[in-house]
Amino acid sequence: MEPISIHYPLWALFHSLSHFEQPDEALLEELRRGGYEESRIEEQCRRVGSKFDGAFARSPREAVSRLVAQYPDRFSQASEADGRLRLSFRLNAPIGTSRVVAEEALTEEERATIRTELRDGCEVRTVLSERMFSTDECQLILEGSTPAFTFISLFAGEAAPKLSRPGETPDPYWQTHLFIRDND
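Converting from the sequence shown to the numbering used here requires adding 14 to each position, the first position being numbered 1.
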């Protein structure tokens, strides 16, 4: 098998920054050199969402490198019709926290806080919880095919279907899963 080559566009690194609890300084410096202002970087780091624990990885390159080393055969799969390779991994230990939770995992007190809100033009159900939901799963999206890929996205947690836009029928997954919010 040929060695895997992955190109990391600056926009994709910036987007994925929100998924790391403790981004490494080399990643932050690369974004600064690429023209991202400190205030935007700080705002992206503070975004609520699923996060990789610093013990697992502190950058997309580090996380992908671990996945390639541990699961090299997975990267030889065919891309989907849109040219993207969507890979789902389950590791043998927690690697971070997920900000999507199954409704069945909620306490009665948490269920009382469920509400619907608009996020990026999509209606989503959210729940107020201070609990952390650890995950041993992560999702990686690449573009291209073996051995040359472009990094698109990476996040801790299970694969979830896209959110429905107004007028679209929601995927049944979103009838049983919610986003966690930190405050009201």
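Idealized CB from N, CA, C, for every residue including glycine.
Beta strand (DSSP E) runs contained entirely in the segment 133-188, provided each spans 3 or more residues: Counting only unbroken stretches of 3 or more residues, the beta strand (DSSP E) elements lying wholly within the segment 133-188 are 136-142, 147-149, 151-159, 162-170, in sequence order.
Residues of its chain near residue 107, where Cβ-Cβ distance is below 7 Å and the 5 sequence neighbours each way are ignored: Taking the sequence shown and counting its residues from 1, the one referred to as residue 107 is at position 93. Within the same chain, residue 107 has close Cβ partners 150.
Proximal residues to residue 154 (C-beta, below 6 Å), its chain only, five neighbours per side dropped: Against the sequence shown, residue 154 aligns to sequence position 140. Cβ contact annotation for residue 154 (same chain, cutoff 6 Å, sequence separation greater than five): 101, 168, in chain order.
With 16 other Cβ atoms within 10 Å as the buried cut-off, status of residue 25: The count along the sequence shown starts at 1 and reaches residue 25 at position 11. Counting Cβ neighbours within 10 Å, residue 25 comes out exposed, since fewer than 16 surround it.
Start-to-end residues for the alpha helix (DSSP H) that takes in residue 126: Start at 1 with the first residue of the sequence shown, and residue 126 comes out as number 112. Counting along the chain, residue 126 falls outside any alpha helix (DSSP H), and DSSP gives it neither H nor E.
Whole-angstrom C-beta distance between residue 177 and residue 136, which should lie under 8 Å: The sequence position of residue 136 within the sequence shown is 122, counting from 1. The sequence position of residue 177 within the sequence shown is 163, counting from 1. About 4 Å; that satisfies the 8 Å criterion.
Check whether residue 20 and residue 70 have beta carbons under 7 Å apart: Residue numbering aside, residue 20 sits at position 6 when the sequence shown is read from its first letter. Residue numbering aside, residue 70 sits at position 56 when the sequence shown is read from its first letter. It is not a contact, given that the beta carbons lie outside the stated cut-off.
Stretch pair the segment 27-39 + the segment 55-62: three plus CB contacts closer than 8 Å: Yes, the segment 27-39 is in contact with the segment 55-62.
Straight-line Cα distance separating residue 189 from residue 183: What you label residue 183 is simply residue 169 of the sequence shown in a count that begins at 1. What you label residue 189 is simply residue 175 of the sequence shown in a count that begins at 1. In this structure, the alpha-carbon of residue 183 lies about 11 Å from that of residue 189.
Status (buried if at least 16 other CB within 10 Å, exposed otherwise) for residue 143: The residue labelled residue 143 in the question sits at position 129 within the sequence shown. Residue 143 should be labelled buried.
Rounded straight-line distance, which links the Cα of residue 45 to that of residue 104: Walking along the sequence shown from the start, residue 104 turns up at place 90. Walking along the sequence shown from the start, residue 45 turns up at place 31. Rounded to the nearest angstrom, the two C-alpha atoms are 29 Å apart.
Cutoff 6 Å; reference residue 93; Cβ partners in own chain excluding five residues on either side: Here residue 93 corresponds to residue number 79 of the sequence shown, with the count starting at 1. Cβ neighbours of residue 93 beyond the five flanking positions: 99, 159.
Proximal residues to residue 66 (C-beta, below 7 Å), its chain only, five neighbours per side dropped: In the sequence shown, residue 66 corresponds to position 52, counting from 1. Excluding the 5 residues flanking it on each side, residue 66 has same chain C-beta neighbours closer than 7 Å at 33, 34, 35, 77, 109, 110, 170, in chain order.
Backbone CA spacing between residue 84 and residue 112 [nearest angstrom]: Locating residue 84 in the sequence shown gives position 70, counting from the first residue. Locating residue 112 in the sequence shown gives position 98, counting from the first residue. So the two alpha carbons sit approximately 22 Å from each other.
Cβ-heavy atom distance, residue 36 to the ligand GDP, below 6 Å: Looking for the ligand GDP in the displayed structure turns up nothing, as the structure carries no ligands at all.
Alpha-carbon to alpha-carbon, residue 37 and residue 82: As a first step, residue 82 is located in the sequence shown; it is residue number 68 there, counting from the start. As a first step, residue 37 is located in the sequence shown; it is residue number 23 there, counting from the start. Just so you know, the alpha carbons of residue 82 and residue 37 end up roughly 20 Å apart.
Start-to-end residues for the beta strand (DSSP E) that takes in residue 116: Translated into the one-based positions of the sequence shown, residue 116 becomes position 102. According to the DSSP assignment, residue 116 belongs to the beta strand (DSSP E) that extends over 114-116.
The alpha helix (DSSP H) enclosing residue 53, as first and last residue numbers: The residue given as residue 53 occupies position 39 in the sequence shown. Counting along the chain, the alpha helix (DSSP H) containing residue 53 begins and ends at 52-60.
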